[in-house]
Amino acid sequence: SFEGRVEVYHDGKWGTICDDQWDDRDAEVVCRQLGLSGTPKALSWAHYGQGSGPILLDEVQCSGNELSLDQCKKSDWGQQNCDHIEDAGVSCDPFTGTDVQLCQSDALVLPPHYLACSGEGTVRLAGGRSPSEGRVEVYYNGDWGTVCDDGWTELGAQVVCRQLGFR
Numbered sequence: 001s002f003e004g005r006v007e008v009y010h011d012g013k014w015g016t017i018c019d020d021q022w023d024d025r026d027a028e029v030v031c032r033q034l035g036l037s038g039t040p041k042a043l044s045w046a047h048y049g050q051g052s053g054p055i056l057l058d059e060v061q062c063s064g065n066e067l068s069l070d071q072c073k074k075s076d077w078g079q080q081n082c083d084h085i086e087d088a089g090v091s092c093d094p095f096t097g098t099d100v101q102l103c104q105s106d107a108l109v110l111p112p113h114y115l116a117c118s119g120e121g122t123v124r125l126a127g128g129r130s131p132s133e134g135r136v137e138v139y140y141n142g143d144w145g146t147v148c149d150d151g152w153t154e155l156g157a158q159v160v161c162r163q164l165g166f167r
């Protein structure tokens, strides 16, 4: 499934996240952390049902570039002022968005349903010897382009791999 209530594991227990400050940048990080591509969408007010147990995070404010929620600005673990009616959710559905066209290209490394071409910033690998390697290309303004290697680090490679669904 590509969507649902977000639950996190901390200090030996699972819990939910309060939707205060919850937005699409937070959803982008959750989708990346789960290895899902698609259009990230934040949902609030227990859209996917109320959880039970502790509410472990509140006031999550990601920039959208983090590799995990733990890297985002947020309240301390367990510090919150919420009820489960405010449980946060996300949709990472690759079929969401406007004018979605499925990519048809030899450069794709994943089944077409994992990647929607219409999303600005969608990435793919091209020209590699195997499906898990190649030149990084980014979809922008209706075209695929390459990424300059100035300042390219292992961190950037990790982000691309997660966007493509690799762990």
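Read the sequence shown against UniProt numbering and you will find it ends at 167, with the numbers running on by one and no gaps.
The C-beta atom is built at its ideal place from N, Cα and C for all residues, glycine as well.
(request) Can you give me the start and stop residues for the alpha helix (DSSP H) that L155 sits inside? (result) By one-based count along the sequence shown, residue 155 stands at place 155. Note, L155: alpha helix (DSSP H), 154-163.
(request) Go through its chain and collect everything with a Cβ distance to Y48's Cβ below 6 Å, but skip five positions before and after it. (result) Your numbering for residue 48 matches position 48 in the sequence shown. Closer than 6 Å at the Cβ level, and outside the excluded window around Y48, lie G4, R5, G89.
(message) Tell me which residue opens and which closes the beta strand (DSSP E) that R124 is part of.
(response) Along the sequence shown, read from residue 1 onward, the residue named residue 124 stands at position 124. Where R124 is concerned, the enclosing beta strand (DSSP E) stretches over 123-126.
(request) Put C117 into one of helix, strand or coil per three-state DSSP. (result) In the sequence shown, counting from the first residue as 1, residue 117 sits at position 117. Summary for C117: the model assigns pLDDT 41, below 50, so the residue's position carries little reliability; its value from the coordinates is reported in the next sentence. It is coil, neither helix nor strand.
(message) Suppose you measure from the CA of L115 to the CA of W144; what does that come to, to the nearest Å?
(response) One-based indexing of the sequence shown puts residue 115 at position 115. One-based indexing of the sequence shown puts residue 144 at position 144. Any reading at L115 must be qualified, since the residue scores a pLDDT of 41, below 50, and its modelled position is unreliable; the value itself is stated next. Those two C-alpha atoms are separated by around 13 Å.
(request) With DSSP as the reference, label V30 as helix, strand or coil. (result) Walking along the sequence shown from the start, residue 30 turns up at place 30. Residue state, collapsed to three classes: helix.
(request) Identify every run of the alpha helix (DSSP H) within the UniProt domain "SRCR" (1-93), keeping only runs that are complete inside it and at least 4 residues long; order them along the chain. (result) 24-33
(message) Here's the rule I'm using: 16 or more other beta-carbon atoms within 10 Å means buried, otherwise exposed. How should S37 be labelled?
(response) As a working mapping, residue 37 is identified with position 37 in the sequence shown. Classification for S37: buried.
(request) For V147, name the three-state secondary structure that DSSP assigns. (result) Residue mapping note: residue 147 aligns to position 147 of the sequence shown, counting from 1. V147 falls in the coil class under three-state DSSP.
(request) Pair every Cβ in the stretch 122-132 with every Cβ in the stretch 43-62, then say whether three or more of these pairs are closer than 8 Å. (result) no
(request) Have a look at R25, L34, F2 and flag the residue whose alpha-carbon is nearest the alpha-carbon of V8. (result) Here residue 8 refers to the residue found at position 8 of the sequence shown. The shortest Cα separation from V8 among R25, L34, F2 belongs to L34.
(message) Only counting the same chain, and skipping five residues up and downstream in sequence, which positions put a Cβ closer than 7 Å to that of P111?
(response) Along the sequence shown, read from residue 1 onward, the residue named residue 111 stands at position 111. Its pLDDT being 38, under 50, P111 is placed unreliably in this model, and the value from its coordinates should be taken loosely. Excluding residues within five positions, none has a Cβ falling inside 7 Å.
(request) Let me know if V147 comes out buried or exposed under the rule of 16 or more other beta-carbons within 10 Å of its beta-carbon. (result) Sequence index remark: in the sequence shown, residue 147 carries index 147 (1-based). It is exposed - the Cβ of V147 has fewer than 16 other Cβ atoms within 10 Å.
(request) Determine the extent of the beta strand (DSSP E) in which E137 is found, giving its start and end residues. (result) As a first step, residue 137 is located in the sequence shown; it is residue number 137 there, counting from the start. Note, E137: beta strand (DSSP E), 135-140.
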